[in-house]
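Asks: So the protein sequences, as listed, match chains U and W. Under the UniProt record's numbering, the letters of the first sequence match residues 1 to 76, in that order. Under the UniProt record's numbering, the letters of the second sequence match residues 1 to 377, in that order. Just so you know, even glycine gets a beta-carbon here, dropped at the ideal spot from N, CA and C.
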Amino acid sequence: MGQCKVIDARNTFCPGPLMELITYMKQAKVGETLELLSTDQGSATDVPEWIKKVGHEMISSEKVGEVWHIKVRKAK
Amino acid sequence: MRILIVGGGTGGTIVANNLARRLAGEVRAGKVRLTLISDTDRHMYQPGLLYVAFGQMTPDQLYRDEASLLDPSIDFHVDPVTDFHLGRNQVRTRSGKTHEYDLLVIATGARIVPEEVPGMSEGAETFYTEEGAVRLHKRLMEFKGGTVAMVVSIPHKCPVAPVEAIFMLHDFFKARGIRDKVKLQYKYPVNHVHATANVARWAKPEFDKAGIEYETLFNVKEVDPVNKVVYSEEGTECKYDLLIAIPPHRGMEMVERNDLAQGGWIPTDRFKLTMTGHDNVYVIGDATNIPVSKTGSAAHFEAEVVAENIASMIKTGTPVREYDGRVYCFIEAGYDRATYNAFDYVNLPELKPPSKAIHWFKVAYNKMYWTTVRGLL
Numbered sequence: 001m002g003q004c005k006v007i008d009a010r011n012t013f014c015p016g017p018l019m020e021l022i023t024y025m026k027q028a029k030v031g032e033t034l035e036l037l038s039t040d041q042g043s044a045t046d047v048p049e050w051i052k053k054v055g056h057e058m059i060s061s062e063k064v065g066e067v068w069h070i071k072v073r074k075a076k
Numbered sequence: 001m002r003i004l005i006v007g008g009g010t011g012g013t014i015v016a017n018n019l020a021r022r023l024a025g026e027v028r029a030g031k032v033r034l035t036l037i038s039d040t041d042r043h044m045y046q047p048g049l050l051y052v053a054f055g056q057m058t059p060d061q062l063y064r065d066e067a068s069l070l071d072p073s074i075d076f077h078v079d080p081v082t083d084f085h086l087g088r089n090q091v092r093t094r095s096g097k098t099h100e101y102d103l104l105v106i107a108t109g110a111r112i113v114p115e116e117v118p119g120m121s122e123g124a125e126t127f128y129t130e131e132g133a134v135r136l137h138k139r140l141m142e143f144k145g146g147t148v149a150m151v152v153s154i155p156h157k158c159p160v161a162p163v164e165a166i167f168m169l170h171d172f173f174k175a176r177g178i179r180d181k182v183k184l185q186y187k188y189p190v191n192h193v194h195a196t197a198n199v200a201r202w203a204k205p206e207f208d209k210a211g212i213e214y215e216t217l218f219n220v221k222e223v224d225p226v227n228k229v230v231y232s233e234e235g236t237e238c239k240y241d242l243l244i245a246i247p248p249h250r251g252m253e254m255v256e257r258n259d260l261a262q263g264g265w266i267p268t269d270r271f272k273l274t275m276t277g278h279d280n281v282y283v284i285g286d287a288t289n290i291p292v293s294k295t296g297s298a299a300h301f302e303a304e305v306v307a308e309n310i311a312s313m314i315k316t317g318t319p320v321r322e323y324d325g326r327v328y329c330f331i332e333a334g335y336d337r338a339t340y341n342a343f344d345y346v347n348l349p350e351l352k353p354p355s356k357a358i359h360w361f362k363v364a365y366n367k368m369y370w371t372t373v374r375g376l377l
């Protein structure tokens, strides 16, 4: 625990921050925590919606300056 | 100065030709040596695969001899790289040769790995390989009616290809007079019909107009080829008669085997395009972990930046610019209309309404590509 992989998807549009997150979630081990950095306003709603639907765990979501920091844990 | 380029696709070929032009004097004087190593003597125009799937191009039109595309001053070897020794500035090839370098450019691309999804290889068609595109075309010509489902895996090359393909499927079945007998189902991994918000905003009403059904938040988990059902990670399923899959991609096996990559993608500075921890190693195109599209377009713009910077460093001791994330992609909106998607790290794509003019420009570009890789366009 304590280790958290950061996915820096700031200022990117295609394939987009959620796509990046899903890519790295596929590679992660169950229980691992990933932090997504995104400047896309949509990430604040898109990421929790996907996390809920697929059944992973949302840890936190906060905006620091212009950047969303979204932490999720792979649950399955 | 020995500059070694590994990979003879779009990115590697453009870097090599661009350097040959910029450093012609230095190469002639024997101060610079340019070497390109590829695992094949042929160069494929990969975007043409989509047209092969719809019978609009034949496979032979996708290829040129790599040697014919390269400036004669480039020392070209067809000899797959097996080992990278970055600490010693060396790579080894299958023939047993060792190539030493001062600067290395890695442009090894990506590969499809449908085998990572249970049942995908057996149950789905794909247009991401020559064999796959030819087979899909046959299946489409034989198709009499039913459900055609398209599923999209992550990550994948060319994020607009699924949108183009579904619009072309609509026009293909319309042209065959059986569109009313075909249900088109589009399944996409994120909450919109495309990952880029502006592309999704444009595509959704076009889907509705064309009667294309869609489900978002559908990440492919498994294909059951016997019962013809595809299942999502999110717990939904779809029955199909013909399944077209955009398969998941990974970086090249040899790059992974040499521990250069994390999850298949080489850690790369998104502005300088140098490999993390190695200032004399550049990485471009699909091989990088940069969060931009895996496309020839990104590789093209990255290759130009790397070549300009290397040439400038040799001539003046300083690089000239950084990669700004620029990508330009055509988006076919059917058989005779297209739009385009142009963006960089800070500027969002703004899509124009599709037009015949843009479609014909894309058709022309399919032939002009060969001038792009020669470094002329």
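Counting only beta-carbon separations shorter than 8 Å, does W:A195 have a partner in chain U?
Replies: Translated into the one-based positions of the second sequence, residue 195 of chain W becomes position 195. Closer than 8 Å: yes.
Asks: Would DSSP call W:S312 helix, strand or coil?
Replies: Reading the second sequence from its first residue, position 312 is the one you call residue 312 of chain W. W:S312: helix per DSSP, three-state reduction.
Asks: Using 8 Å as the threshold, is the C-beta distance between W:G375 and W:D344 below it?
Replies: Reading the second sequence from its first residue, position 375 is the one you call residue 375 of chain W. Reading the second sequence from its first residue, position 344 is the one you call residue 344 of chain W. Their beta carbons are not under 8 Å apart, which means W:G375 does not touch W:D344 by this criterion.
Asks: Please confirm whether W:D75 and W:R33 have their CB atoms less than 8 Å apart.
Replies: Reading the second sequence from its first residue, position 75 is the one you call residue 75 of chain W. Reading the second sequence from its first residue, position 33 is the one you call residue 33 of chain W. Against a cut-off of 8 Å, the Cβ pair of W:R33 and W:D75 comes out as a contact.
Asks: Residues of chain C with a CB under 8 Å from the CB of U:M19: which are they?
Replies: Looking at the structure shown, chain C is missing, and the protein chains on hand are U and W.
Asks: Quick one: Cα of W:E308 to Cα of W:D41, how far?
Replies: Reading the second sequence from its first residue, position 308 is the one you call residue 308 of chain W. Reading the second sequence from its first residue, position 41 is the one you call residue 41 of chain W. W:E308 and W:D41: Cα-Cα distance of roughly 26 Å.
Asks: Report all residues from its chain with a CB closer than 6 Å to the CB of U:M1; omit the five preceding and five following residues, and keep chain order.
Replies: Here residue 1 of chain U corresponds to residue number 1 of the first sequence, with the count starting at 1. Because U:M1 carries a pLDDT of 46, less than 50, the predicted location of this residue cannot be relied on, and no value is offered for it.
Asks: Given this structure, state the Cα-to-Cα distance separating W:S38 from W:A311, to the nearest angstrom.
Replies: Counting from one through the second sequence, the residue named residue 38 of chain W turns up at place 38. Counting from one through the second sequence, the residue named residue 311 of chain W turns up at place 311. Cα to Cα, W:S38 sits roughly 22 Å from W:A311.
Asks: Check for me: the beta strand (DSSP E) holding W:V199 runs from which residue to which?
Replies: Here residue 199 of chain W is taken as the residue at index 199 of the second sequence, counted from 1. Taken as a continuous stretch (DSSP letters only), W:V199 belongs to no beta strand (DSSP E), being part of the alpha helix (DSSP H) at A197 to A210.
Asks: Which of the three DSSP states, helix, strand or coil, is assigned to W:D65?
Replies: What you label residue 65 of chain W is simply residue 65 of the second sequence in a count that begins at 1. Residue state, collapsed to three classes: strand.
Asks: Between W:G12 and chain U, is the shortest Cβ-Cβ distance under 8 Å, so that the two count as touching?
Replies: Locating residue 12 of chain W in the second sequence gives position 12, counting from the first residue. Cβ-Cβ to chain U under 8 Å: no for W:G12.
Asks: Is DSSP giving W:D71 helix, strand or coil here?
Replies: Here residue 71 of chain W is taken as the residue at index 71 of the second sequence, counted from 1. Coil, per DSSP.
Asks: Just the C-alpha distance for W:P189 and W:V220, rounded to the nearest angstrom, thanks.
Replies: Working through the second sequence from its first residue, we reach residue 189 of chain W at position 189. Working through the second sequence from its first residue, we reach residue 220 of chain W at position 220. Going by the C-alpha atoms only, they are around 8 Å apart.
Asks: For the alpha helix (DSSP H) that W:F271 lies in, which residues bound it at each end?
Replies: As a position in the second sequence, residue 271 of chain W is number 271, starting the count at 1. Premise fails: W:F271 is in no alpha helix (DSSP H) and is neither H nor E.
Asks: Please list, in chain order, all residues of the same chain as W:D286 whose beta carbon is under 6 Å from its beta carbon, the five residues on each side excluded.
Replies: The count along the second sequence starts at 1 and reaches residue 286 of chain W at position 286. Hits under 6 Å: G109, A110 and K294.
Asks: So, do the segment 209-219 of chain W and the segment 184-199 of chain W have three or more beta carbon pairs nearer to each other than 8 Å?
Replies: yes
Asks: Compute the beta-carbon to beta-carbon distance between W:P247 and W:I112, rounded to the nearest angstrom, for a pair I have assumed lies under 8 Å.
Replies: Position 247 of the second sequence, counted from the first residue, corresponds to residue 247 of chain W. Position 112 of the second sequence, counted from the first residue, corresponds to residue 112 of chain W. Your pair W:P247 and W:I112 checks out as a contact, with CB atoms roughly 4 Å apart and the cut at 8 Å.
Asks: One question on the structure: do U:V47 and U:L18 come within less than 8 Å of each other, judged by their Cβ atoms?
Replies: Taking the first sequence and counting its residues from 1, the one referred to as residue 47 of chain U is at position 47. Taking the first sequence and counting its residues from 1, the one referred to as residue 18 of chain U is at position 18. Note that the C-beta distance between U:V47 and U:L18 is below 8 Å.
Asks: Give, in chain order, every residue of the segment 324-346 of chain W whose Cβ lies closer than 9 Å to some Cβ of chain U.
Replies: G325, V327, C329, N341, F343, D344, Y345 and V346
Asks: In whole angstroms, what is the alpha-carbon distance linking W:T10 and W:H170?
Replies: The sequence position of residue 10 of chain W within the second sequence is 10, counting from 1. The sequence position of residue 170 of chain W within the second sequence is 170, counting from 1. Approximately 30 Å between the Cα atoms of the pair.
Asks: Can you tell me whether DSSP reads W:A20 as helix, strand or coil?
Replies: Within the second sequence, residue 20 of chain W is the residue found at index 20, counting from 1. Helix.
Asks: Run down chain W in chain order and give the residues with a C-beta less than 7 Å from the C-beta of U:A9.
Replies: Walking along the first sequence from the start, residue 9 of chain U turns up at place 9. Simply P291.
Asks: Can you give me the start and stop residues for the alpha helix (DSSP H) that W:Y365 sits inside?
Replies: Here residue 365 of chain W corresponds to residue number 365 of the second sequence, with the count starting at 1. Element bounds for W:Y365: K356 to V373.
Asks: Rank W:E322, W:M368, W:G251 and W:N198 by C-alpha distance to the C-alpha of residue 387 of chain W and give the top, closest one.
Replies: As shown, chain W starts at 1 and ends at 377. That puts residue 387 of chain W outside it, with no answer to give.
Asks: Can you round the beta-carbon distance between W:M1 and W:I314 to whole angstroms, since I take them to be within the 8 Å contact cut?
Replies: Sequence index remark: in the second sequence, residue 1 of chain W carries index 1 (1-based). Sequence index remark: in the second sequence, residue 314 of chain W carries index 314 (1-based). About 6 Å; that satisfies the 8 Å criterion.
Asks: In whole angstroms, give me the CA-to-CA distance for U:W68 and W:T236.
Replies: Locating residue 68 of chain U in the first sequence gives position 68, counting from the first residue. Locating residue 236 of chain W in the second sequence gives position 236, counting from the first residue. In a straight line, the C-alpha of U:W68 is about 29 Å away from that of W:T236.
Asks: Can you list, in chain order, the stretches of the alpha helix (DSSP H) that have 4 or more residues and sit fully within the segment 130-177 of chain W?
Replies: List check, alpha helix (DSSP H) in window: 130-142 and 161-175.
Asks: I'd like to know whether the C-beta of W:N219 is nearer than 8 Å to at least one C-beta of chain U.
Replies: For the purposes of this step, residue 219 of chain W is identified with residue 219 of the second sequence, where counting begins at 1. Closer than 8 Å: yes.
Asks: Confirm, please, whether the CB-CB distance from W:L242 to W:V134 is below 8 Å.
Replies: As a working mapping, residue 134 of chain W is identified with position 134 in the second sequence. As a working mapping, residue 242 of chain W is identified with position 242 in the second sequence. No, these two residues do not count as a Cβ contact at 8 Å.
Asks: Would you call the segment 23-34 of chain U in contact with the segment 356-372 of chain W, where contact means no fewer than 3 C-beta pairs closer than 8 Å?
Replies: no
Asks: Terminal residues of the continuous alpha helix (DSSP H) containing U:L34?
Replies: By 1-based counting over the first sequence, the position of residue 34 of chain U is 34. Not the alpha helix (DSSP H): U:L34 falls in the beta strand (DSSP E), residues T33 to S38.
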